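Heads up, my numbering is the position in the sequence shown plus 33, with the first residue counted as 1. The beta carbon of each residue, even a glycine, is placed where N, CA and C say it ideally should be. Keep in mind the model is a prediction, meaning the values are calculated, not measured. One structure is given here, and the rest of the page talks about it.
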Amino acid sequence: MKALGKNKVLINQLGFAVAGDLIYTLGFNLLIVPIALYSGGFMGISQLIHHALTEIMGIAIPANLNLTGILYYLINVPIFMFGYKVMGKAFVLKSLFATTVLTIFLMIVPIPTTPIIEDYLTACIVGGIVCGYACGLMLRSRLTGGGQDVIGMCLTKLYPGFSVGKVNIAINGMVYLICFLLFDVEIVIYSLIFATVQSLVADKIHV
Numbered sequence: 034m035k036a037l038g039k040n041k042v043l044i045n046q047l048g049f050a051v052a053g054d055l056i057y058t059l060g061f062n063l064l065i066v067p068i069a070l071y072s073g074g075f076m077g078i079s080q081l082i083h084h085a086l087t088e089i090m091g092i093a094i095p096a097n098l099n100l101t102g103i104l105y106y107l108i109n110v111p112i113f114m115f116g117y118k119v120m121g122k123a124f125v126l127k128s129l130f131a132t133t134v135l136t137i138f139l140m141i142v143p144i145p146t147t148p149i150i151e152d153y154l155t156a157c158i159v160g161g162i163v164c165g166y167a168c169g170l171m172l173r174s175r176l177t178g179g180g181q182d183v184i185g186m187c188l189t190k191l192y193p194g195f196s197v198g199k200v201n202i203a204i205n206g207m208v209y210l211i212c213f214l215l216f217d218v219e220i221v222i223y224s225l226i227f228a229t230v231q232s233l234v235a236d237k238i239h240v
């Protein structure tokens, strides 16, 4: 009976992971990317690397290839090594599953050529709520979609009272400082609003 109960819990967790990944991708690909905003955390880092490769270095990338998703997956490798030491094998394997599914969704969910919501403020608030809910949903099931969430979960375990949102805000500060140096300040401001709303909603759902 114990084994049956554990299997049921695992299936529920993986189900929440798939649901959270899909919800996040819909919010990100449909609302945020079309208006050229930047996510925070490791997703934002992946976007910046993508920008550097295509716009600064001039490397041609096929239009149907979502390089951001692939880069996000690759830079998660050392993060999962850290998570393995702190959170254990089961956490890392489940989170690796969630990250893999997220990468697949990011590659197959089409990005609209015309923004669904053209108003920047509305798009970044709605996108932040949708993506934040997705992140919080996975965190409540003791899963993450990788990146800063893994770091946040580890620090939450090591230091009670710490929150994943605080880690997000710290990493976002670094990402948006780079964005401020590269892009129009308006893009940075709206991207910050999106990231802040996402972090606050994720914290509310998680805690």
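Exercise. Could you give the C-beta distance for Ala-69 and Ile-220, rounded to a whole number, given that I count them as a contact under 8 Å?
Worked result: Yes, Ala-69 and Ile-220 are in contact; Cβ-Cβ is about 6 Å, under 8 Å.
For this session: Compute the distance between the beta-carbons of Ile-226 and Ile-158, then report whether it is under 8 Å.
Result: One thing to note: Ile-226 has its Cβ within 8 Å of the Cβ of Ile-158.
Problem set entry | Anticipated Cβ contact below 8 Å, Gly-178 with Leu-135, distance rounded | About 5 Å separates the two Cβ atoms, so the contact holds.
Exercise. Under 8 Å, do Val-119 and Cys-168 count as touching if we go by C-beta distance?
Worked result: Result no, Cβ atoms of Val-119 and Cys-168 do not sit closer than 8 Å.
Problem set entry | Runs of alpha helix (DSSP H) wholly within the segment 105-147 (minimum 4 residues, chain order) | The segment 105-147 contains these whole alpha helix (DSSP H) runs: 110-120 and 122-141.
Exercise. Is Thr-101 helix, strand or coil by DSSP?
Worked result: If DSSP states are grouped into helix, strand and coil, Thr-101 belongs with the helices.
For this session: Would you give the residue range spanned by the alpha helix (DSSP H) that Ile-82 belongs to?
Result: Counting along the chain, the alpha helix (DSSP H) containing Ile-82 begins and ends at 74-84.
Problem set entry | Segment limits, alpha helix (DSSP H) that includes Leu-64 | Where Leu-64 is concerned, there is no enclosing alpha helix (DSSP H), because DSSP gives it neither an H nor an E.
Exercise. When you compare only the Cα positions, how much space is there between Leu-104 and Thr-147?
Worked result: Each residue's CA atom was taken as its position, placing Leu-104 and Thr-147 some 25 Å apart.
Problem set entry | For Thr-155, the nearest candidate out of Phe-195, Phe-138 and Val-230 (CA to CA) | Taking the Cα of Thr-155 as reference, the smallest distance to any Cα among Phe-195, Phe-138 and Val-230 is reached at Val-230.
Exercise. Since Ile-94 contacts Thr-87 with CB under 8 Å, what's their CB separation in whole angstroms?
Worked result: Correct: roughly 5 Å between the Cβ atoms.
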